[in-house]
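Reviewing the structure listed below.
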Amino acid sequence: MARPADAHAIRSAFLSFFESRGHKVVPSSPLVPHDDPSLLFINAGMVQFKDYFTGARQAPYGAATTTQKCLRVSGKHNDLESVGRTARHNTFFEMLGNFSFGDYFKADAIRWAWTFLTEVLELPAERLVVSVFNGKGE
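Following this note's numbering, the numbering of the sequence shown begins with 1361 at its first residue and continues without gaps.
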């Protein structure tokens, strides 16, 4: 397979990669949330799954993958002040996400992320920087 070269190809490759690993492809939720009064706009890929993560509802699948439309203009994850100052801060973007609801854990998530980046996108491993949380936890 040729390396994905544009946004559409990367988005499609990401969803296909995780679908082939048992993830349900879930469409982007609306940018303005219908049932979450805590947010003015969807600001992260996990928002539509909050009830599954908190245990308020049972997920209908063990794992999901999405390309979520996000807008960050206020609140904790406000990027508005940084727009135009860096090439990585925007108000609107699509967040690619893969989520497990007890189906798999960190070891698989890390391995799949690395495989997607180095084998599908063909990013040189020696140019990638990885950070590790060194606090309490697993």
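Where is the CB? At the ideal position from N, CA and C, for every residue including glycine. Quick caveat: nothing in here was measured; it's all calculated off a predicted structure.
May I have a chain-ordered list of the alpha helix (DSSP H) segments no shorter than 4 residues that lie completely inside the stretch 1385 to 1465? 1410 to 1414
First and last residue of the uninterrupted alpha helix (DSSP H) at Ala1373: Your numbering for residue 1373 matches position 13 in the sequence shown. Ala1373 -> alpha helix (DSSP H) spans 1367 to 1379.
Measuring only the C-alpha atoms, how far is Ala1362 from Glu1486? Taking the sequence shown and counting its residues from 1, the one referred to as residue 1362 is at position 2. Taking the sequence shown and counting its residues from 1, the one referred to as residue 1486 is at position 126. Answer to the nearest angstrom: the Cα atoms are 21 Å apart.
Helix, strand or coil for Ala1362, going by three-state DSSP, please let me know. Mapped onto the sequence shown, residue 1362 falls at position 2. Ala1362: coil per DSSP, three-state reduction.
Could you check whether the stretch 1418 to 1430 touches the stretch 1439 to 1449, counting it as contact only if at least three pairs of C-beta atoms, one from each stretch, sit closer than 8 Å? no
For Leu1477, which of helix, strand or coil comes out of DSSP? Taking the first residue of the sequence shown as position 1, residue 1477 is located at position 117. Looking at Leu1477 - three-state DSSP - the assignment turns out to be helix.
Can you tell me whether Ala1367 is buried or exposed, with buried defined as 16 or more other CB within 10 angstroms of its CB? The count along the sequence shown starts at 1 and reaches residue 1367 at position 7. That one is exposed.
Cβ of Gly1405 within 8 Å of Cβ of Asp1463? As a first step, residue 1405 must be located in the sequence shown, where it is residue number 45. As a first step, residue 1463 must be located in the sequence shown, where it is residue number 103. Their beta carbons are not under 8 Å apart, which means Gly1405 does not touch Asp1463 by this criterion.
How big is the Cα-Cα spacing for Pro1484 and Phe1493? The residue given as residue 1484 occupies position 124 in the sequence shown. The residue given as residue 1493 occupies position 133 in the sequence shown. If you take the alpha carbons of Pro1484 and Phe1493, they lie about 23 Å apart.
Looking at Arg1371 and Glu1479, is the spacing between their C-beta atoms short of 8 Å? Taking the sequence shown and counting its residues from 1, the one referred to as residue 1479 is at position 119. Taking the sequence shown and counting its residues from 1, the one referred to as residue 1371 is at position 11. For Glu1479 and Arg1371, no; Cβs fall outside 8 Å.
Where Glu1486 sits in the DSSP three-state scheme: Position 126 of the sequence shown holds residue 1486. Correct three-state label for Glu1486: helix.
Sorted by chain position, which residues of the same chain lie with C-beta nearer than 8 Å to Pro1417's C-beta, five sequence neighbours on each side aside? Here residue 1417 refers to the residue found at position 57 when the sequence shown is read from its first residue. In the sequence as displayed, the identity of residue 1417 is Arg instead of Pro. Closer than 8 Å at Cβ, skipping near neighbours: Asp1411.
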